[in-house]
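Line by line, the protein sequences give chains A and B. Numbered according to our numbering, the first sequence spans residues 5 to 434. Numbered according to our numbering, the second sequence spans residues 10 to 366. First the structure, in the form of structure tokens, and then the observations on it.
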Amino acid sequence: MSESFVIKSADLLGAGRQDLLIADGVIAEVGKVSAQGATVIDGDGLIALPGLVDLHTHLREPGREDAETIASGSAAAAAGGYTAVLAMANTNPVTDTAEAAERVFDLGRACGLVDVQPIGAVSKGLAGEELAELGLMARSRAAVRVFSDDGHCVHDARLMRRALEYVKAFGGVVSQHAQEPRLADRSACCHEGELSGRLGLPGWPGVAEEVIVARDVMLARPTGSRVHVAHVSTAGSVEVIRWAKSQGIAVTAEVTPHHLMLDTTRLTSYDPTYKVNPPLRPAEDIAELRKALADGTIDAVATDHAPHARHDKEHAFAEAAFGMLGLEQALQVVNTVMVQPGLLTWAQVADVMSVTPARIAGLTGHGRPLEAGEPANITLIDPAASVTVDGAASHSLSRNNPWHDMTLTGRVQTTLLRGRPTVLDQEVSQ
Amino acid sequence: MKHLLSAADLTRDGAEQILATAAQMHDVQRREVKKLPVLRGRTVVNLFFEDSTRTRSSFEIAGKWLSADVINVSAKGSSVSKGESLRDTVMTVAAMGVDALVIRHHASGAPAQVTDWVDASVVNAGDGTHEHPTQALLDAYTMRSKLGDLAGRRIGIIGDLTHSRVVRSNLILLRTLGADVTLVAPPTLMPSGIAEWAAAEGFSYSYDFDEVLPKLDAAMMLRVQKERMTGGFFPTPREYTVGYGLTRERLRVLPDHAVICHPGPMNRGLEITADAADEARSLILDQVSAGVAVRMSVLYHLLGGGMSADRGEDRSAARTGAEGRGATGGMSADRGEDRSAARTGAEGRGATGDMKA
Numbered sequence: 005m006s007e008s009f010v011i012k013s014a015d016l017l018g019a020g021r022q023d024l025l026i027a028d029g030v031i032a033e034v035g036k037v038s039a040q041g042a043t044v045i046d047g048d049g050l051i052a053l054p055g056l057v058d059l060h061t062h063l064r065e066p067g068r069e070d071a072e073t074i075a076s077g078s079a080a081a082a083a084g085g086y087t088a089v090l091a092m093a094n095t096n097p098v099t100d101t102a103e104a105a106e107r108v109f110d111l112g113r114a115c116g117l118v119d120v121q122p123i124g125a126v127s128k129g130l131a132g133e134e135l136a137e138l139g140l141m142a143r144s145r146a147a148v149r150v151f152s153d154d155g156h157c158v159h160d161a162r163l164m165r166r167a168l169e170y171v172k173a174f175g176g177v178v179s180q181h182a183q184e185p186r187l188a189d190r191s192a193c194c195h196e197g198e199l200s201g202r203l204g205l206p207g208w209p210g211v212a213e214e215v216i217v218a219r220d221v222m223l224a225r226p227t228g229s230r231v232h233v234a235h236v237s238t239a240g241s242v243e244v245i246r247w248a249k250s251q252g253i254a255v256t257a258e259v260t261p262h263h264l265m266l267d268t269t270r271l272t273s274y275d276p277t278y279k280v281n282p283p284l285r286p287a288e289d290i291a292e293l294r295k296a297l298a299d300g301t302i303d304a305v306a307t308d309h310a311p312h313a314r315h316d317k318e319h320a321f322a323e324a325a326f327g328m329l330g331l332e333q334a335l336q337v338v339n340t341v342m343v344q345p346g347l348l349t350w351a352q353v354a355d356v357m358s359v360t361p362a363r364i365a366g367l368t369g370h371g372r373p374l375e376a377g378e379p380a381n382i383t384l385i386d387p388a389a390s391v392t393v394d395g396a397a398s399h400s401l402s403r404n405n406p407w408h409d410m411t412l413t414g415r416v417q418t419t420l421l422r423g424r425p426t427v428l429d430q431e432v433s434q
Numbered sequence: 010m011k012h013l014l015s016a017a018d019l020t021r022d023g024a025e026q027i028l029a030t031a032a033q034m035h036d037v038q039r040r041e042v043k044k045l046p047v048l049r050g051r052t053v054v055n056l057f058f059e060d061s062t063r064t065r066s067s068f069e070i071a072g073k074w075l076s077a078d079v080i081n082v083s084a085k086g087s088s089v090s091k092g093e094s095l096r097d098t099v100m101t102v103a104a105m106g107v108d109a110l111v112i113r114h115h116a117s118g119a120p121a122q123v124t125d126w127v128d129a130s131v132v133n134a135g136d137g138t139h140e141h142p143t144q145a146l147l148d149a150y151t152m153r154s155k156l157g158d159l160a161g162r163r164i165g166i167i168g169d170l171t172h173s174r175v176v177r178s179n180l181i182l183l184r185t186l187g188a189d190v191t192l193v194a195p196p197t198l199m200p201s202g203i204a205e206w207a208a209a210e211g212f213s214y215s216y217d218f219d220e221v222l223p224k225l226d227a228a229m230m231l232r233v234q235k236e237r238m239t240g241g242f243f244p245t246p247r248e249y250t251v252g253y254g255l256t257r258e259r260l261r262v263l264p265d266h267a268v269i270c271h272p273g274p275m276n277r278g279l280e281i282t283a284d285a286a287d288e289a290r291s292l293i294l295d296q297v298s299a300g301v302a303v304r305m306s307v308l309y310h311l312l313g314g315g316m317s318a319d320r321g322e323d324r325s326a327a328r329t330g331a332e333g334r335g336a337t338g339g340m341s342a343d344r345g346e347d348r349s350a351a352r353t354g355a356e357g358r359g360a361t362g363d364m365k366a
């Protein structure tokens, strides 16, 4: 029998204080619980949420273990309150076979800090030409359900249509990186507008995202397929998704912490830390994204955690790698920009960061209610702590943290994965 | 003033000072012995990530005529593909003991990034599609030599404005000098967000060259690069010339006193006809000769003095002071000379006398 714990007097989803008895990896009892024989975790002043689930993580292993490994990314995830992450397929080699998916899955389980669930590539080698072995990945031990060519848009309408149809056989979903390549090519790196004009940076117009979102929801409509829009960044995409949902189209969408908080003016310094794809958008888009997350048009917060070795970021802005870290700050950012201003309740945070992402990804053991008999995947957060982010203190191997030196509200105190503390009093267990 | 990264780094007074010193330097150029001792012992590296014969040689001559040691480093080709980061490349060069880095880079913002990594002064010699402040200074210098004070003068900048680094610097500097600027291009070659930008900064823009033309005191024609012709920015070169070229017909509409500039290299027959280019009032060769004088002035103000030329007066004054005191004996003699020369330069009088000595 494994060690049992009692979480004393935590506020469950902000709905009231309870004790939680954790034994054998599950929540054994909720209410007023005797601590006898169990290790006490003080939950006073803390909010308890179901363990967070990230639909969009780049772990870089295999291929770029200098930037992140499954172990270091798992530690960063646990520190951020996550109990499951979906690992994007754009590794080297690409996760486009059952064997590759199982390898990622097994390395994640061996590390044991979070459940690492591989995302399979839609197309072989992310080349956008032929379907990868979607069915074999689905049947593998990794039971892949989410497929994405992230980093590349599945821009060929016929390939996208076939992928959407095909994954219906096993309840899969295609997560689309919406970027029409003729409107925003690989050089595009700054929101197209007045600032890109002034800075002389190649523009990435919002419409390049919006036309793909619009096309994809129309492709999903006749087949009844599920389509998921990764990292929605513009008000126009929100409009399209809102309309599609009103039509009963099976579309879901995620927004990143950085698109909820950081605007395009960060680029005036040409600091490549702020280079990300899709790019940071103007304040008006940010306001719409927050509204859409609050009203349910956007279903989930996903980090797009994208570690990069320092030397891949220390180039001229246009030549530096795309992406920024997110796992350790996501919950703090959501607290700071959504919960504290009253846009989301803690119950809604549980929905957008755990329950809904788990449902989209088909992870049945995650995103469960905090009730007796449920798996003990739990995150405890101190909602009032004021934290100045120190990028150098990250568990990630990379340092491209856009929140470095900023002050955010909230701190993850403890994370439990199936009843075992992966983080206890801010310390990641090994 | 420590760096010149953008035309926005210059106040009106600062720009006036640089242009006044440039005039003195221009006089020196006409002498048989052109060398001035003001930057003796200082090292200037031209770090060029992109080919540019004219700008590089102009900076090289400028540095040499000021007696600096000038080294050209070509870092052509993407550093990404070589596996070396921009930071590595720059730190390696800076570690050799460099007083000024003159940087040309194919990517916007690279010179600004470099200032975070090195102590040397950085001069932006053209970055991507962003800025080229010394080009703007020499354009202003040349226009002033024909038009006098530019305050209230109407200046049109016509051509491929999206991909031009010259337009941004010129727009900013000309407005600092009080000119009334109009950008002219087809919508596909206007900078992104031009309507918001123009409204925020109070300049104008037009898609109609013929409407703007009769009111101009100066027409600055920018190059339309060959690759734009296949990029779908406009249908054919012929159509571009009809809409936006400085043709023989338009030359007749341009007021008699107006001047024509082109930062080069020209596509004769596309954005400018041979007639226009060769017109007596064309300043195109003057622009090239002014280039050396202006760059001498910039290097002199950055390395020799001219502290009040920038917007961050206190900071750079403090720096210069600290450096002066901390310098070794041999160096401080040089710096003493520099400082006195700078003072006279700043006053705009007697600098030539000093330089003769």
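Cβ atoms here follow ideal geometry from the backbone N, Cα and C, with glycine treated the same way.
query: Under 8 Å by beta carbon: chain B residues contacting E318 of chain A; result: S94, L95, R96 and D97
query: Own chain residues within Cβ distance below 6 Å of N81 of chain B, not counting five before or after; result: N55
query: Residues bridged to T127 of chain A (per DSSP); result: Correcting the residue type first, residue 127 of chain A is Ser in the shown sequence and not Thr. For S127 of chain A, which the question treats as bridged, DSSP gives the partners A:L135.
query: Chain-ordered residues of the region 302 to 329 of chain A with a beta carbon less than 7 Å from chain B; result: H315, E318, H319, A320, F321, A322 and E323
query: Rounded Cβ spacing between L53 of chain A and L24 of chain A (contact assumed at less than 8 Å); result: Their Cβ separation, rounded to whole angstroms, is 12 Å, which puts L53 of chain A and L24 of chain A out of contact at 8 Å.
query: C-beta neighbour in chain B for L205 of chain A, strict 9 Å; result: yes
query: Residues in the region 249 to 260 of chain B having any Cβ partner in chain A nearer than 8 Å; result: none
query: Neighbour flag for Q26 of chain B against chain A, beta carbons, 9 Å; result: no
query: Residue burial classification, D429 of chain A (beta-carbon count within 10 angstroms, cutoff 16); result: exposed
query: Min CB distance A116 of chain B to chain A below 9 Å; result: yes
query: Proximal chain B residues relative to Y278 of chain A, where beta-carbon distance stays under 9 Å; result: By Cβ distance, chain B contributes nothing, its closest Cβ being about 11 Å from Y278 of chain A, past 9 Å.
query: DSSP three-state assignment for G35 of chain A, whether helix, strand or coil; result: strand
query: N81 of chain B, DSSP secondary structure in three states; result: strand
query: For R304 of chain A, the three-state DSSP class (helix, strand or coil); result: For the record, residue 304 of chain A in the displayed sequence is Ala; it is not Arg. Three-state DSSP puts A304 of chain A in a strand.
query: Residue(s) in a DSSP beta bridge with Y86 of chain A; result: A:L56
query: N276 of chain B versus R232 of chain B - alpha carbon distance; result: 7 Å
query: Straight-line Cα distance separating C194 of chain A from A291 of chain A; result: 19 Å
query: Beta-carbon gap between M328 of chain A and T268 of chain A smaller than 9 Å; result: no
query: 9 Å Cβ cutoff, E198 of chain A in contact with chain B; result: yes
query: A257 of chain A versus T52 of chain B - alpha carbon distance; result: 56 Å
query: From B:S76, B:E280 and B:D265, residue whose alpha carbon lies closest to that of P272 of chain B; result: B:E280
query: Sufficient close CB pairs (3 or more, under 8 Å) joining the region 233 to 242 of chain A to the region 202 to 211 of chain A; result: yes
query: Residue from A:D409, A:H312 and A:D303 with nearest C-alpha to A362 of chain A; result: A:D303
query: Integer Cβ distance of A109 of chain B from L292 of chain B, believed to fall under 8 Å; result: 28 Å between Cβ atoms; not a contact.
query: CB contact check: T64 of chain B to chain A, cutoff 9 Å; result: no
query: Start-end ranges of the alpha helix (DSSP H) lying completely within the region 356 to 409 of chain A, minimum 4 residues; result: 360 to 365
query: 8 Å contact criterion, which T143 of chain B and R174 of chain B should meet: CB distance rounded; result: That pair is no contact at about 11 Å.
query: 7 Å Cβ cut-off: residues of chain B touching G201 of chain A; result: P200, S201, G202, I203 and W206
query: Residue-chain proximity (S273 of chain A, chain B), Cβ-Cβ < 9 Å; result: yes
query: Backbone secondary structure at M199 of chain B - three-state DSSP; result: coil
query: Test: D22 of chain B CB closer than 9 Å to a CB of chain A; result: no
query: Among B:V107, B:R304 and B:L225, nearest to D78 of chain B - alpha-carbon criterion; result: B:V107
query: Reduced DSSP secondary structure (H/G/I, E/B, other) of A313 of chain A; result: coil
query: Proximal residues to E133 of chain A (C-beta, below 7 Å), its chain only, five neighbours per side dropped; result: S127
query: Residues of its chain near R237 of chain B, where Cβ-Cβ distance is below 8 Å and the 5 sequence neighbours each way are ignored; result: D169, H172, L198 and F243
query: Range covered by the beta strand (DSSP E) that runs through G135 of chain B; result: S130 to D136
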